[in-house]
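Chains as they are written, first to last, in our numbering: chain G, 7 to 433; chain V, 7 to 433. From the three backbone atoms N, C-alpha and C, an ideal C-beta is built for every residue, glycine too. From a predicted model like this one, the values you see are computed outputs, not experimental measurements. Okay, so here's the structure we're looking at.
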């Protein structure tokens, strides 16, 4: 019998009731729950069992409070079965590309930690509900935590997506770590501007063996989003609310990870998510109006850009270091409406004389950079600093790497940075 | 007659009705308003007049919709009167120290911009409601936009406050620009740990001539907070809600400017404001429990700290530059739970060999750094990176400058950085 991760009271309870992992069970406590018994991996207590409910949400149930438990059906998810995916010729096809992250993680028994390893096929097998929404093909592109991703990984993902731009797939899921998912989403939004299919970057904040894991719900919702809506472009599809029934589809250029651990960590900045996937319906934001663009892939990045968050005491010599090291652009995270202290003026003037691009965003994150209100802002405008509207700093950084990958002409770059390429600027 | 800033229809309307700036008027539109006619400075239309209501809130009224206007009393605020402040021996005394910022701004007619110039006395005179709450003394310490402030300014403010620590004042208001107000609040919280009086840093997001200015309401609320509550320590006192009747008193170490322009730009991160000043009452957060500390001023800062926000493509050579330039500490704004890419490992190892302090915060801003969950985090812990809990990055930066100003012993510094000095760490 399979009881991975259960011990003590939990193991005793399961053995006594002849229940094993993968069984669909009905449990009566204060309320009645029906779901699949999940394995447990982490250093967890022995007081609870974990069920995955039909909506993809995991809950922990305290054994002492269980009045009755019975098996509805034996349904062991065995690794041997992973390639035997159901296919239904009436359903659309979607592709799942795996790049790593918690959503594609296993637990390392040696260290007790989580590491990225699960293949997309295993992922698919562990969330069989997806096969009722679409026929899924899976592909492992690489397997990295997203904190280790570099612009070269963005290029790999973009090239892979580009290769499927005219394919039969209705849409594509990219399983991705959450740490830098918003950077990747911005990179894909610019380099694949006008991409003709919907792409859903999906991750999970909590691994799939944990109670309250968001992995299955996010995947199921992403599949529904791709199949049920008629949109295109790059989206981040992640848990939306503290309750367990909403998933948000964020614009790829306007999203940020704003909490270290909450399942609803991702937020659209300066607006609402483009779509909300609810239990029975997918709601479109009335203000969502994607730019109509012809597909124009330009998959080039040059990472000679420095993101500088301004703070009291920042030594302006940093800027001279950047110049002497060959950086070609600086994106400031200024204060307030887009300011840096006047101690920076001389260094900024030198950068402009040397032909660097200098763009201004705000460390406030929300709101618009307006550099005409105060002397501080006007002085910077006069020095040649380019205000970047309400572009979030991470998006501005990625966009400048992309712009620099596509042009070396500073005037052209200034134009690109102020042009709305992928809904990164709104008002 | 004084009609500063009014022109066209507005000027005509005021002249016809024999109303001038400073008059208390009653205006009937859809509703009836009673307030003081305010001057207008910015490039404003001529369709509105601006009244300051009794609660300190400015509104703009469309002239076309005014059915009736009448003077309730002539009450010109003349500069000649500024030193003739009312004093009431029954009221407590508070001190207002001005450092600059929008709250202490005038409009420059030449450029049309706002610059810091108003003295604290003028400020006091322009918000006469304060004199009903307390007897105010005022003092101009300096007059700078807060984006220009440096750690030496923090020292000046701290020394000034320290000089009043045993004074007769019930509390002290520091008028301050909003751009870096939260950095200053953190600096004062650490350097004046256990300060025996309440200190309210107050700014305004919109200058006092504008409709919907928050200047007067913030000042009045700060005065009430100092007089009506029985607390001590450093707080940021700023507009709380989109409606016009709430002001929040944020912990000095847990507050951040999260919007470039909204009046309620300041937010307590990872909790609620310590107090909310409402129209008739000041509500205390039930979770607010300040650390009980003996006053122990240590007004020393060393700014040889670099704040590094990690992003895909960050060149680890930046770290080598920091080392060769004499930096003694690095505060990372890592991704997610407190990660940086493995490309940084070698540089971090070199920093640790060279005795630098390396602290980890998260660019998610909200949530707690937990570096034991993933391999990525554990690897960094093994390299000697110090996790800084839920300390916000700006506070961690300021604290490390302060710690470095008070010790050169790396072990002592690591201890200080993880110790809760001024409620900067919670959970």
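Under 7 Å by beta carbon: chain G residues contacting residue i
{"i": "residue 186 of chain V", "result": "318 and 341"}
{"i": "residue 368 of chain V", "result": "266"}
{"i": "residue 375 of chain V", "result": "266"}
Where residue i falls, given that 16 or more other Cβ within 10 Å makes a residue buried
{"i": "residue 210 of chain G", "result": "buried"}
{"i": "residue 14 of chain G", "result": "exposed"}
{"i": "residue 132 of chain G", "result": "buried"}
{"i": "residue 335 of chain G", "result": "buried"}
{"i": "residue 315 of chain G", "result": "buried"}
{"i": "residue 118 of chain G", "result": "Its pLDDT being 42, under 50, residue 118 of chain G is placed unreliably by the model, and nothing is read from it."}
{"i": "residue 287 of chain G", "result": "exposed"}
{"i": "residue 154 of chain G", "result": "buried"}
{"i": "residue 258 of chain G", "result": "buried"}
{"i": "residue 96 of chain G", "result": "exposed"}
{"i": "residue 418 of chain V", "result": "exposed"}
{"i": "residue 64 of chain V", "result": "buried"}
{"i": "residue 38 of chain V", "result": "exposed"}
{"i": "residue 430 of chain G", "result": "buried"}
{"i": "residue 36 of chain V", "result": "exposed"}
{"i": "residue 300 of chain G", "result": "exposed"}
{"i": "residue 185 of chain V", "result": "buried"}
{"i": "residue 355 of chain V", "result": "exposed"}
{"i": "residue 292 of chain V", "result": "exposed"}
{"i": "residue 332 of chain V", "result": "exposed"}
{"i": "residue 260 of chain V", "result": "buried"}
{"i": "residue 247 of chain V", "result": "exposed"}
{"i": "residue 90 of chain G", "result": "Bear in mind that a pLDDT of 46 at residue 90 of chain G, under 50, signals an unreliable position, so the number given afterwards is only what the model happens to contain. Its Cβ having fewer than 16 others within 10 Å, residue 90 of chain G is exposed."}
{"i": "residue 202 of chain G", "result": "exposed"}
{"i": "residue 296 of chain V", "result": "exposed"}
{"i": "residue 169 of chain G", "result": "exposed"}
{"i": "residue 361 of chain V", "result": "exposed"}
{"i": "residue 264 of chain G", "result": "buried"}
Whole-angstrom C-beta distance between residue j and residue i, which should lie under 8 Å
{"i": "residue 328 of chain V", "j": "residue 350 of chain V", "result": "Wrong, their Cβ atoms sit about 12 Å apart, outside the cutoff."}
{"i": "residue 345 of chain G", "j": "residue 395 of chain G", "result": "About 15 Å; that fails the 8 Å criterion."}
{"i": "residue 208 of chain G", "j": "residue 240 of chain G", "result": "Wrong, their Cβ atoms sit about 12 Å apart, outside the cutoff."}
{"i": "residue 197 of chain G", "j": "residue 147 of chain G", "result": "Not really, about 15 Å apart at Cβ, beyond 8 Å."}
{"i": "residue 386 of chain G", "j": "residue 318 of chain V", "result": "That belief does not hold up - the Cβ atoms of residue 386 of chain G and residue 318 of chain V are roughly 27 Å apart, past 8 Å."}
{"i": "residue 44 of chain G", "j": "residue 27 of chain G", "result": "7 Å"}
{"i": "residue 108 of chain V", "j": "residue 213 of chain V", "result": "5 Å"}
{"i": "residue 189 of chain G", "j": "residue 339 of chain G", "result": "Not confirmed; about 14 Å, so no contact."}
{"i": "residue 54 of chain V", "j": "residue 41 of chain V", "result": "Not a contact, Cβ separation roughly 13 Å."}
Where residue i meets chain V, residues with beta-carbon distance less than 9 Å
{"i": "residue 372 of chain G", "result": "264, 265, 266, 268 and 271"}
{"i": "residue 279 of chain G", "result": "Within chain V, no residue comes near residue 279 of chain G; the closest Cβ sits about 18 Å away, beyond 9 Å."}
{"i": "residue 309 of chain G", "result": "318, 319, 320 and 321"}
8 Å Cβ cut-off: residues of chain G touching residue i
{"i": "residue 388 of chain V", "result": "None at all; the shortest Cβ gap to chain G is about 11 Å."}
{"i": "residue 441 of chain V", "result": "Within the shown structure, residues of chain V are numbered from 7 to 433, placing residue 441 of chain V beyond reach of any answer."}
{"i": "residue 400 of chain V", "result": "317"}
Partners in chain G for residue i, counting only beta-carbon separations shorter than 9 Å
{"i": "residue 329 of chain V", "result": "None at all; the shortest Cβ gap to chain G is about 12 Å."}
Closer than 8 Å at the beta carbon, the chain V residues around residue i
{"i": "residue 189 of chain G", "result": "317 and 318"}
{"i": "residue 156 of chain G", "result": "318, 319, 347 and 349"}
{"i": "residue 334 of chain G", "result": "Residues of chain V passing the Cβ test: none, with the nearest at roughly 13 Å."}
Contacts that residue i makes with chain V (C-beta to C-beta distance below 7 Å)
{"i": "residue 403 of chain G", "result": "317"}
{"i": "residue 407 of chain G", "result": "319"}
{"i": "residue 313 of chain G", "result": "315 and 317"}
{"i": "residue 166 of chain G", "result": "Going along chain V, no residue has its Cβ under 7 Å from residue 166 of chain G, so there is no contact; the nearest lies around 17 Å."}
Q: Output the residue ranges of the beta strand (DSSP E) runs that lie fully inside the stretch 243 to 300 of chain G and measure 3 residues or longer, sorted by chain position.
A: Qualifying beta strand (DSSP E) stretches, in chain order: 253 to 257, 261 to 263, 272 to 274, 281 to 283 and 288 to 290.
Q | Complete alpha helix (DSSP H) runs within the stretch 120 to 195 of chain G (minimum length 4 residues, chain order) | A | Counting only runs of 4 or more, we get 126 to 132 and 157 to 169.
Q) Which runs of the alpha helix (DSSP H) spanning at least 4 residues fall entirely within the stretch 201 to 233 of chain V, listed in chain order? A) Complete alpha helix (DSSP H) runs here, min 4: none at all.
Q: Taking only runs that begin and end inside the stretch 26 to 67 of chain V, name each unbroken beta strand (DSSP E) of 3 or more residues, in chain order.
A: Within the stretch 26 to 67 of chain V, the complete beta strand (DSSP E) runs of at least 3 residues are 30 to 34, 38 to 43 and 54 to 59.
Q | Inter-stretch contact (C-beta, 8 Å, three-pair minimum) for the stretch 224 to 234 of chain V and the stretch 242 to 250 of chain V | A | Verdict: yes, contact present.
Q) Three or more beta-carbon pairs under 8 Å between the stretch 173 to 183 of chain V and the stretch 93 to 105 of chain V, yes or no? A) With the cut-off at 8 Å, the stretch 173 to 183 of chain V and the stretch 93 to 105 of chain V touch.
Q. Is it a yes or a no for the stretch 261 to 270 of chain V touching the stretch 154 to 163 of chain V, going by three-plus beta-carbon pairs under 8 Å?
A. Under the three-pair Cβ rule at 8 Å, the stretch 261 to 270 of chain V does not count as touching the stretch 154 to 163 of chain V.
Q. Touching or not, the stretch 15 to 25 of chain G and the stretch 66 to 76 of chain G, by the rule of three or more beta carbon pairs under 8 Å?
A. Touching, yes.
**Q.** Whole runs of the beta strand (DSSP E) within the stretch 312 to 375 of chain G, excluding any shorter than 3 residues
**A.** With a minimum length of 3 residues, the continuous beta strand (DSSP E) runs that stay inside the stretch 312 to 375 of chain G are 335 to 340 and 363 to 368.
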